[in-house]
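Take a look at the structure set out below.
There are 2 protein chains.
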Amino acid sequence: MSKDKLSTEPYKGVRDFYPEDQFLQDYIFEHMSRACELFGYEAYNASLLEPTDLYRSKTSDEIINEQSYTFTDRGKREVTLRPEMTPSLARMIAGKSREIPMPARWYSIGNFFRYERPQKGRVREFWQLNADIIGSSSIEADAEVIALAHNIMRSFGADERNFEIRVSDRRLLEAAYEAAGVAAEDRAVTTRLLDRRAKMEDFDTKLAAELGENRASALVSYLDRTTSTAYLEQLHTILKARGVGNMIVDTKITRGFDYYTGMVFEVFDASGQNARSLFGGGRYDNLLTLFGHDPIPAVGFGMGDVTMRDFLETHNLMPDYVPTSELMLCVVDESAMSHAQKLAQDLRREDVAVAVNLSAKKLGDQIRQADKMKIPYIIAVGEKERDSGQYTVKNLSTGHELTTTADRISEHLFSSLG
Amino acid sequence: MSKDKLSTEPYKGVRDFYPEDQFLQDYIFEHMSRACELFGYEAYNASLLEPTDLYRSKTSDEIINEQSYTFTDRGKREVTLRPEMTPSLARMIAGKSREIPMPARWYSIGNFFRYERPQKGRVREFWQLNADIIGSSSIEADAEVIALAHNIMRSFGADERNFEIRVSDRRLLEAAYEAAGVAAEDRAVTTRLLDRRAKMEDFDTKLAAELGENRASALVSYLDRTTSTAYLEQLHTILKARGVGNMIVDTKITRGFDYYTGMVFEVFDASGQNARSLFGGGRYDNLLTLFGHDPIPAVGFGMGDVTMRDFLETHNLMPDYVPTSELMLCVVDESAMSHAQKLAQDLRREDVAVAVNLSAKKLGDQIRQADKMKIPYIIAVGEKERDSGQYTVKNLSTGHELTTTADRISEHLFSSLG
Numbered sequence: 003m004s005k006d007k008l009s010t011e012p013y014k015g016v017r018d019f020y021p022e023d024q025f026l027q028d029y030i031f032e033h034m035s036r037a038c039e040l041f042g043y044e045a046y047n048a049s050l051l052e053p054t055d056l057y058r059s060k061t062s063d064e065i066i067n068e069q070s071y072t073f074t075d076r077g078k079r080e081v082t083l084r085p086e087m088t089p090s091l092a093r094m095i096a097g098k099s100r101e102i103p104m105p106a107r108w109y110s111i112g113n114f115f116r117y118e119r120p121q122k123g124r125v126r127e128f129w130q131l132n133a134d135i136i137g138s139s140s141i142e143a144d145a146e147v148i149a150l151a152h153n154i155m156r157s158f159g160a161d162e163r164n165f166e167i168r169v170s171d172r173r174l175l176e177a178a179y180e181a182a183g184v185a186a187e188d189r190a191v192t193t194r195l196l197d198r199r200a201k202m203e204d205f206d207t208k209l210a211a212e213l214g215e216n217r218a219s220a221l222v223s224y225l226d227r228t229t230s231t232a233y234l235e236q237l238h239t240i241l242k243a244r245g246v247g248n249m250i251v252d253t254k255i256t257r258g259f260d261y262y263t264g265m266v267f268e269v270f271d272a273s274g275q276n277a278r279s280l281f282g283g284g285r286y287d288n289l290l291t292l293f294g295h296d297p298i299p300a301v302g303f304g305m306g307d308v309t310m311r312d313f314l315e316t317h318n319l320m321p322d323y324v325p326t327s328e329l330m331l332c333v334v335d336e337s338a339m340s341h342a343q344k345l346a347q348d349l350r351r352e353d354v355a356v357a358v359n360l361s362a363k364k365l366g367d368q369i370r371q372a373d374k375m376k377i378p379y380i381i382a383v384g385e386k387e388r389d390s391g392q393y394t395v396k397n398l399s400t401g402h403e404l405t406t407t408a409d410r411i412s413e414h415l416f417s418s419l420g
Numbered sequence: 003m004s005k006d007k008l009s010t011e012p013y014k015g016v017r018d019f020y021p022e023d024q025f026l027q028d029y030i031f032e033h034m035s036r037a038c039e040l041f042g043y044e045a046y047n048a049s050l051l052e053p054t055d056l057y058r059s060k061t062s063d064e065i066i067n068e069q070s071y072t073f074t075d076r077g078k079r080e081v082t083l084r085p086e087m088t089p090s091l092a093r094m095i096a097g098k099s100r101e102i103p104m105p106a107r108w109y110s111i112g113n114f115f116r117y118e119r120p121q122k123g124r125v126r127e128f129w130q131l132n133a134d135i136i137g138s139s140s141i142e143a144d145a146e147v148i149a150l151a152h153n154i155m156r157s158f159g160a161d162e163r164n165f166e167i168r169v170s171d172r173r174l175l176e177a178a179y180e181a182a183g184v185a186a187e188d189r190a191v192t193t194r195l196l197d198r199r200a201k202m203e204d205f206d207t208k209l210a211a212e213l214g215e216n217r218a219s220a221l222v223s224y225l226d227r228t229t230s231t232a233y234l235e236q237l238h239t240i241l242k243a244r245g246v247g248n249m250i251v252d253t254k255i256t257r258g259f260d261y262y263t264g265m266v267f268e269v270f271d272a273s274g275q276n277a278r279s280l281f282g283g284g285r286y287d288n289l290l291t292l293f294g295h296d297p298i299p300a301v302g303f304g305m306g307d308v309t310m311r312d313f314l315e316t317h318n319l320m321p322d323y324v325p326t327s328e329l330m331l332c333v334v335d336e337s338a339m340s341h342a343q344k345l346a347q348d349l350r351r352e353d354v355a356v357a358v359n360l361s362a363k364k365l366g367d368q369i370r371q372a373d374k375m376k377i378p379y380i381i382a383v384g385e386k387e388r389d390s391g392q393y394t395v396k397n398l399s400t401g402h403e404l405t406t407t408a409d410r411i412s413e414h415l416f417s418s419l420g
């Protein structure tokens, strides 16, 4: 081995997805997509690379100044690997708002980057579903995005007892700021402190340092006293009618991003195994004004892959890996290769996923490979099969065999797999 | 409008995918995936961010020095947004080669970045399918990746007359270098010159400047004389037997990447509308040695979205846009909203994609929105429907109406849509 050989490690804090890992990613993404589509959401996407200015005013200072991947391109433009989707969505809507029928329902699944210390539930590249309703200020829209999130969780096999949807309202927070006399310029930083309240040991000290003892205690006491609002009760009733039974009002929920203006929610693992919220979202009615556009009301959420994997694992909801191939053709002798290839091609036309074993190893080794790859069926193809037109389909897990003609193979596989 | 409002433009050279654009992306990706799966390829992925060293020796100097997005992260690591997939694939295989049953078939669809001047067929962020067989040096593997590429093209509805698969062999090129006396250290740059030969006006001058008049003309005359090899003829025969009738031997094909060692191929639009190759690939048997690993033979190709869109457009193969929603429920009066939501939820359970119109506009406006969104069916839900349990399903393109009960709606839709 040469001394300057390259490392096989990926970049720090990101993940390689080997086939069994990617299988799980695709499982998660397909369930997310399918639920979104059943609710009428249209897929969209933007580039991973955005002008840095897009995030400067509204994402959150911490993310942009300390956690973003920002650099200057060869043309001296300052660019950022997107840390979240909402600013790109707002940019796209603002750019074509006249052509887009509203309210619009949009979703996307993409990757995002944050420069964080890698730890449980946090990586530097994560994947996230974003689903939003743009152009409706109705409480029905607030309820719908929560119901959609609930449907996705249920589609993974989660029970309502496994997770809890905690909902609050930024307007309640604004009222608390008014009542406690928190100045407008202190509110963003205070909101982010409140967002981390449950995770901080020195919350009271930090809050007092920020607002002064009096205002800090007035704020905390206002918030502790305010356990619900008429709006939140109405939302609860609507969700109940839609079959969402695990929404609770929790006025401690604030969310970190600066752009929220109304309902905010976070979903928690009820097992207590994953202390941080699994995901969340909320209403942001003013984001389009950044682009010089009239405000357009919007509400949505982002649901990441990392916490979702943890959740599925905690609740034994991980799917068993199933390989792409339903059938491997093991080639007994090279002289039968072209016949095996032709058979494979015919079966593919009947929608059977077929891998032809190209190893040129002994039959036993080829069958062991199929087994190691968890491929359910094999057919050994040699001169005998080529000359007789009779093929023996073997189920590797049961050992069951059936001998039949080429045109009956797919029928047998589908009846067995189904 | 404030003077410092943000631009709604994306970063230069990248694309926003509005729902109708994303529909086409998904159409392309689904056809690629499905063909790969029918051939038994397993999905994988790696991060977009890789250590820059991964590309230094083998990708191509031009790409790394002039066209890559390379920067230093907050921890002083030099990182690159991947310009191609093969180095990541080789890294992953080298990292777990003992655990991976070989030959392995892997595919991925992901995004890539190159800093290029945006022009037709070239953008700074593109998407690409990569499909590879790792661990087989057999000509059957070479034939298979070409057959897979051919199947994908056919699955888009392309005819064999619409495209041409031009194949050559790097070993032929090596023999030409030997014969013409081209020194080992001049070969990489010469190969890249040859790769651009058809696009360059001053090819002969540049080649002579690189190799000297004598060697340059010896090389060109050797290559012009060599029209095929036994290997290429055998490949042609195998592909013919597999139903690939549009492969031709073209010894002018070289490919730009340094890592190819055997068969190389490029696919061209036969219409002449798109002069550059649509995509290509080849065999690279030594790439794993970069990681201090024994060589593992491998062959594959990359197929990008940008040239594929151009190809589909040229040949009138673009699919018509179909929205996610099969049905929109138009809400006649707010008092019927919760009933409409319940109906929507019931239909989703029967696998119907349903959007509920939240606009609170007049019925006519709601129907116009459904029509503008190209949603095929609507049901107007008001107090009458709620009280009678009878719903009128209207087909917006034919005007045909059918009145039925809630439990018969999905059956009617599927029989009409099918």
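Those sequence lines, one after another, are chains E and B. With the working numbering, the residue at position 163 of the first sequence is 165, and numbering never jumps. With the working numbering, the residue at position 276 of the second sequence is 278, and numbering never jumps. Backbone N, C-alpha and C fix where the C-beta goes; we use that ideal spot for every residue, glycine too.
Residue interval of the alpha helix (DSSP H) (run including residue i)
{"i": "E:K254", "result": "Counting along the chain, E:K254 falls outside any alpha helix (DSSP H), and DSSP gives it neither H nor E."}
{"i": "E:F205", "result": "F205 to L213"}
{"i": "E:T10", "result": "From DSSP, E:T10 is part of no alpha helix (DSSP H); its letter is neither H nor E."}
{"i": "E:A346", "result": "M339 to R351"}
{"i": "B:I2", "result": "Not covered by the structure: residue 2 of chain B. The range shown for chain B is 3 to 420."}
Under 7 angstroms by beta carbon: chain E residues contacting residue i
{"i": "B:N113", "result": "L50"}
{"i": "B:R1", "result": "Here chain B comprises residues numbered 3 to 420, so residue 1 of chain B is not present and cannot be evaluated."}
{"i": "B:T326", "result": "E39, G42, Y43 and E44"}
Element boundaries [beta strand (DSSP E), containing residue i]
{"i": "B:L131", "result": "E127 to I136"}
{"i": "B:I154", "result": "No beta strand (DSSP E) holds B:I154; the alpha helix (DSSP H) holding it covers I141 to S157."}
{"i": "B:L319", "result": "No beta strand (DSSP E) holds B:L319; DSSP gives it neither H nor E."}
{"i": "B:A362", "result": "Neither: B:A362 is in no beta strand (DSSP E) and is coded neither H nor E."}
Length of the line joining the Cα atoms of residue i and residue j
{"i": "E:F267", "j": "E:R194", "result": "15 angstroms"}
{"i": "B:A145", "j": "B:L237", "result": "6 angstroms"}
{"i": "B:S4", "j": "E:E187", "result": "Unreliable positioning characterises B:S4 in this predicted model, as indicated by a pLDDT of 43, which lies under 50. The coordinate reading is nonetheless provided below. Cα to Cα, B:S4 sits roughly 20 angstroms from E:E187."}
{"i": "E:A398", "j": "E:Q371", "result": "Note on identity: in this sequence residue 398 of chain E is Leu, with Ala being the wrong assignment. Distance between the alpha carbons of E:L398 and E:Q371: 11 angstroms."}
{"i": "B:L329", "j": "B:N359", "result": "10 angstroms"}
{"i": "B:I154", "j": "B:N164", "result": "13 angstroms"}
{"i": "E:Q24", "j": "B:E385", "result": "48 angstroms"}
{"i": "E:L26", "j": "E:F313", "result": "13 angstroms"}
{"i": "B:M310", "j": "E:V81", "result": "28 angstroms"}
{"i": "E:I65", "j": "E:D322", "result": "36 angstroms"}
{"i": "B:M202", "j": "B:R257", "result": "15 angstroms"}
{"i": "E:I377", "j": "B:Y57", "result": "35 angstroms"}
Neighbour list for residue i in chain E, Cβ cutoff strictly below 8 angstroms
{"i": "B:V2", "result": "In the structure as shown, chain B begins at 3 and stops at 420. Residue 2 of chain B is therefore absent and cannot be evaluated."}
Chain B residues whose Cβ lies nearer than 7 angstroms to that of residue i
{"i": "E:E142", "result": "M339 and L360"}
{"i": "E:S399", "result": "Within 7 angstroms Cβ-Cβ: nothing; E:S399 doesn't reach chain B, min ~17 angstroms."}
{"i": "E:F73", "result": "F73"}
Neighbouring residues, chain B, relative to residue i (Cβ below 8 angstroms)
{"i": "E:P103", "result": "Q371, K374 and M375"}
{"i": "E:S157", "result": "Going along chain B, no residue has its Cβ under 8 angstroms from E:S157, so there is no contact; the nearest lies around 11 angstroms."}
{"i": "E:L56", "result": "L8"}
Contacts of residue i in chain E (Cβ-Cβ under 9 angstroms)
{"i": "B:N245", "result": "In the sequence as presented, Asn is not what sits at residue 245 of chain B; that position holds Gly. Under the 9 angstroms cutoff, chain E gives K344 and Q347."}
{"i": "B:S138", "result": "L360, S361 and A362"}
Listed by chain order, chain B residues near residue i by CB distance under 9 angstroms
{"i": "E:Y46", "result": "D18, F19, Y20, P21, D23 and Q24"}
* To do: Closer than 8 angstroms, Cβ to Cβ, to anything on chain E: give me those residues from the region 4 to 16 of chain B, in chain order.
  => S4, K7, L8, S9, T10, E11, P12, Y13, K14 and V16
* Any chance the region 289 to 308 of chain E sits against the region 221 to 234 of chain E, with 3 or more Cβ pairs inside 8 angstroms? -> no
* Near-chain B residues of the region 361 to 378 of chain E (beta-carbon distance less than 9 angstroms), N- to C-terminal order -> S361, A362, R370, Q371, A372, K374, M375 and I377
* Asked: Contact between the region 275 to 282 of chain E and the region 178 to 194 of chain E: three or more CB pairs below 8 angstroms?
  -> no
* **Cβ contact check for the region 21 to 34 of chain B and the region 153 to 165 of chain B: 3 or more pairs under 8 angstroms** => yes
* Would you check if there are 3 or more beta carbon pairs closer than 8 angstroms linking the region 340 to 359 of chain E to the region 302 to 320 of chain E? => no
* **Three CB pairs or more closer than 8 angstroms across the region 38 to 49 of chain E and the region 103 to 111 of chain E** => yes
* Can you list, in chain order, the residues of the region 287 to 308 of chain E whose Cβ is nearer than 7 angstroms to any Cβ on chain B? -> L292, F293 and G294
* Touching by the beta-carbon criterion (3+ pairs, under 8 angstroms), the region 120 to 127 of chain B and the region 8 to 26 of chain B -> yes
* Asked: Do the region 132 to 149 of chain B and the region 198 to 213 of chain B meet, that is, are 3 or more Cβ pairs less than 8 angstroms apart?
  -> no
* Mind checking the region 241 to 271 of chain E against chain B and listing, in chain order, the residues whose C-beta falls within less than 9 angstroms of any C-beta there? => A243, R244 and G245
* To do: Please confirm if the region 93 to 102 of chain B is in contact with the region 398 to 415 of chain E, defined as three or more CB-CB distances below 8 angstroms between the two stretches.
  => no
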